[in-house]
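Note sheet for the following structure.
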Amino acid sequence: MNRKSFFTFILLAAVFTLPSACAQKRQAPAADRVFIDEQGRAVKINSDPQRIISLAPSVTETLFALGLSDRIVGVTSYCDYPPEAAQKERVGDTMRPSLEKVISLKPDLVIASTASQLEQFVQRLDELGVPIYVSNPRLLFDLLSSIERIGEITGVKERALDLSRGLRERIEAIERKSAELEKPKVLFILGADPLITVGKTSFVSDLIRRAGGASISDDVSVDYPQYSLETAVAKQPEVIFLQAGESALPSRLKQTPAARANRVYHLNDDLLLRPGPRIVDGLEQMAEKIHPTVN
41 MNRKSFFTFI LLAAVFTLPS ACAQKRQAPA ADRVFIDEQG RAVKINSDPQ RIISLAPSVT
101 ETLFALGLSD RIVGVTSYCD YPPEAAQKER VGDTMRPSLE KVISLKPDLV IASTASQLEQ
161 FVQRLDELGV PIYVSNPRLL FDLLSSIERI GEITGVKERA LDLSRGLRER IEAIERKSAE
221 LEKPKVLFIL GADPLITVGK TSFVSDLIRR AGGASISDDV SVDYPQYSLE TAVAKQPEVI
281 FLQAGESALP SRLKQTPAAR ANRVYHLNDD LLLRPGPRIV DGLEQMAEKI HPTVN
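Whatever position you read off the sequence shown (first residue = 1), add 40 for the numbering used here.
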């Protein structure tokens, strides 16, 4: 299993925002704006953030897509796209960012990858008087909303709306093409030993539905369940997607219609498991494999 890609996806590119210190807030209170984040928290954000740290590869991609590369002062060790991201200061990885490094860069906006794993990190920033904005997209259109919010909190709202609008049009075009077609049964494999797939509420399941397929594990409420090979074979998937890090299909799955029809595909993990602007590229590639005759 490709741990780097899997953890990147689990983190789903959540967003944090912060002025650099309490003293700054006292000096220019009129410059602060209040936002309600995607966890329902009210946070104050400087109206013109100029020093941004990204703690998620997907967020870094979003910032570059919004033309904010010159404001980025720090990224994680996983932020490798676009290539220019490699020139930015490193502040640790997505699950273990260095608090000292983040503070030393004096950011006025931090956009961080988070889940429960970063709870203590978030609490520590709170204790230091750092306001935190959290974005938590669960589905594809939630991601578009998050892009728009990132644009708003960074002062490039119109750019973000243009980016979101273009992505939405591409998504809707894919959905129109497959609307009247049969939905092939799809198995998406995140890990082969043991078999890890995607549940009904996961981000990838939403992509499969919008690409015109039907996930065989859509009846599982856990986001990323361990799945038995026997059940997978019994459900007879017609298309199988493998992570790039998985080199071979488990032998038991060679009994499936997908394997017999040579419809087992490797897709670009960075496109599908990073909820940023390029995920629509991944959606288009997935749709082409599910319905090759119409895409």
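The C-beta atom is built at its ideal place from N, Cα and C for all residues, glycine as well.
Item, Value
"Simplified DSSP state of Arg73, which is helix, strand or coil", "strand"
"Minimum C-alpha distance to Gly253 - residue among Glu278, Tyr267 and Thr241", "Glu278"
"Per-residue DSSP class, three states only, for Ala152", "strand"
"Leu227 versus Ala272: straight-line alpha-carbon distance, rounded", "8 angstroms"
"Among Asp259, Arg73 and Leu183, nearest to Leu312 - alpha-carbon criterion", "Leu183"
"Enclosing beta strand (DSSP E) for Ile280 [first to last residue]", "Val279 to Leu282"
"Residues that His306 bridges to, as DSSP identifies them", "Leu282"
"Check whether Gly316 and Val196 have beta carbons under 8 angstroms apart", "no"
"Contacting residues, own chain, Cβ-Cβ under 8 angstroms from Val131 (five flanking each side not counted)", "Ile93, Leu95, Gly114, Val115, Thr116, Pro137, Ser138, Lys141, Val142 and Leu145"
"Buried/exposed call for Ser60, threshold 16 Cβ in 10 Å", "The pLDDT assigned to Ser60 is 38, lower than 50, so where the model puts this residue is not dependable, and the model offers no usable value."
"Backbone CA spacing between Val99 and Tyr121 [nearest angstrom]", "10 angstroms"
"Segments of 3+ residues assigned as beta strand (DSSP E) that fall wholly inside the segment 184 to 264", "225 to 229"
"Leu235 versus Leu103, Pro290, Gln325 and Ile190, residue with shortest Cα-Cα distance", "Pro290"
"Endpoints, the beta strand (DSSP E) within which Lys84 is located", "Ala82 to Asn86"
"Burial state of Arg216, where buried means 16 or more other Cβ atoms lie within 10 Å", "exposed"
"Val115 - partner residues in DSSP beta bridges", "Arg130"
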